[in-house]
Structure formats: C-alpha cells, structure tokens
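Here the structure comes first, spelled out in structure tokens, and everything after it is commentary.
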Amino acid sequence: MFSKANPKPTPSSTAPAVPAADLRKTERRAGSDAAAERAVPSIISADLTITGDMVSAGEIHIDGRVEGDIKCASLIIGISGAVTGEVSAQTVRMHGSVSGQVIAKSVFLASTARMVGDVTHESLAIEPGAFMEGHCRRMAEMPDLGLPDRNAGSEPFEAPRLAGVVGGDAGSEANGRAPFETDEAARTGTETTKKAKS
Numbered sequence: 019m020f021s022k023a024n025p026k027p028t029p030s031s032t033a034p035a036v037p038a039a040d041l042r043k044t045e046r047r048a049g050s051d052a053a054a055e056r057a058v059p060s061i062i063s064a065d066l067t068i069t070g071d072m073v074s075a076g077e078i079h080i081d082g083r084v085e086g087d088i089k090c091a092s093l094i095i096g097i098s099g100a101v102t103g104e105v106s107a108q109t110v111r112m113h114g115s116v117s118g119q120v121i122a123k124s125v126f127l128a129s130t131a132r133m134v135g136d137v138t139h140e141s142l143a144i145e146p147g148a149f150m151e152g153h154c155r156r157m158a159e160m161p162d163l164g165l166p167d168r169n170a171g172s173e174p175f176e177a178p179r180l181a182g183v184v185g186g187d188a189g190s191e192a193n194g195r196a197p198f199e200t201d202e203a204a205r206t207g208t209e210t211t212k213k214a215k216s
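Offset between the sequence shown (1-based) and the working numbering: plus 18.
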C-alpha cells in the first residue's frame, strides 16, 4: 500500500524530430507575440522637450514637453507633462496639460489636468478640479488612426557572435580560432571571412 510503485515504461515517441533551427524560429515568433502584448511604453521624461510629430503603435507616457501632433494607441500625460498640438489616440489619460484638439475613444481628465481645446470622444470622464476650456463632441465611432502595425519588424535580429569578443580577448587567438571567426564557422570548420579585393 505505501511501497514505491514500479515505474511503468512509457511508449517512445513516434513524432519526427524537428531541427533545432526551426524550434528557435518558432520560439522567437512566440516570444515576439508575447512581447507585443506587453510592450514597454515610450517615455518622454520631465527633462526632455520634443519638437515634432510622434507616431507610435503602442503606449506613450509624457512627463516632459511635446510641441507637435501625437498619434498613438494609448497616451498618458503625467502631472509635469505638457502637449501643444493635436492628439489622436484610442485612450488618453491626462494629468498634465494639453493645448490643442484631442480625438480619442476614451478620454480621462484627472483633477490636475488642464485642457485648452476641443475634445472629440466616445467616452469622457472629468474629475472635479480639472480645467477644461473648449468644446466636447461625442462621436459614434472612433475613426481609424492609421497607426503602424505593432508587430511589424518585431522579428528579433540575431547577429553572429564574434569568437574574439565573446568569451575571450578581442584579437587574441587563445581559443584556437581566428579573431572574429563566428561560432558557426568554428563548429563547421568553414571560413566565413572574405578577403578584400585589391
């Protein structure tokens, strides 16, 4: 009853072997999809002023100043943040100031917000204490913002590791390889460097 049971033999797998390179590509794709879901926001810190338009498929946090139009999926303007220009986003959370038009599906003005300009929205929430000067217009449906594809170019670039730099002294041949010989060349015994034509 309490004795160890004899382990039962498991049937061997009949699935074909998948090359390691294919597995790495699949893992990278799955990783880039997960990274797109939890992408890091772009942050404009309090000591930074941007002059020009900004476009992002993701989230932008502004604690500094932006003088130009902003088009993004989500915008958070911190207490010290200030935007002069048109804002187009799915969601806007404003704790700082905006001088210009805001077009967003969801707009939230915190008690510290200062909004001078028109707001076009599907939903609008304004906390007591927020300053708002301009017209508010409700729209039936948010127009397409024309943001870039969030997953475009998300396939990570994998540069070859240099033998002389990784795990050794650059330029030394202590590991038996030529300086800057790639790991792939060391494994396969092939020369990957090209001689310059004279």
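Built from N, CA and C at the ideal position, the CB exists for glycine as well.
Going along the chain, which residues of its own chain have a beta-carbon closer than 6 Å to the beta-carbon of residue i, five neighbours each way excluded?
{"i": "R155", "result": "T138"}
{"i": "A148", "result": "L127, S129, A131"}
{"i": "M72", "result": "I88"}
{"i": "I121", "result": "S106, T138"}
{"i": "H79", "result": "P59, I61, I94"}
{"i": "A57", "result": "G76"}
{"i": "E85", "result": "T69, T102"}
{"i": "H153", "result": "D136"}
{"i": "G96", "result": "D81, H113, G114"}
{"i": "E145", "result": "A128, S129"}
{"i": "A143", "result": "F126"}
Taking DSSP as the reference, what is the three-state secondary structure of residue i?
{"i": "H18", "result": "Because the chain here runs from 19 to 216, residue 18 falls outside it and cannot be looked at."}
{"i": "G164", "result": "coil"}
{"i": "E77", "result": "strand"}
{"i": "A54", "result": "Low per-residue confidence applies at A54: pLDDT is 48, beneath 50, and the placement is therefore not dependable enough to give any value."}
{"i": "R47", "result": "Interpretation of R47 is limited by its pLDDT of 49, a score under 50 that renders its predicted location unreliable; the figure taken from the coordinates is listed afterwards. Of the three classes helix, strand and coil, the one that applies to R47 here is helix, per DSSP."}
Once you ignore the five residues that flank residue i on each side, which residues in its own chain have a CB closer than 7 Å to its CB?
{"i": "A64", "result": "D81, G82, S98"}
{"i": "E104", "result": "D87, G118, Q119"}
{"i": "A100", "result": "R83, G114, S115"}
Check the DSSP bridge columns for residue i and list the partner residues they point to.
{"i": "V84", "result": "I68, V101"}
{"i": "S60", "result": "I78"}
Skipping 5 residues on each side, what residues in its chain have a beta carbon closer than 8 Å to that of residue i?
{"i": "S141", "result": "K123, S124, V125"}
{"i": "M133", "result": "M112, S115, V116, V120, L127, A148, F149, M150, E151, G152"}
{"i": "E67", "result": "According to the sequence shown, residue 67 is Thr rather than Glu. Closer than 8 Å at the Cβ level, and outside the excluded window around T67, lie G82, R83, V84, E85."}
Is there a Cβ of chain C sitting closer than 8 Å to that of residue i, yes or no?
{"i": "E104", "result": "Of the chains in the structure shown, none is chain C; there is only one protein chain."}
Can you list the alpha helix (DSSP H) stretches of 4 or more residues lying completely in the segment 89-142, in chain order? none
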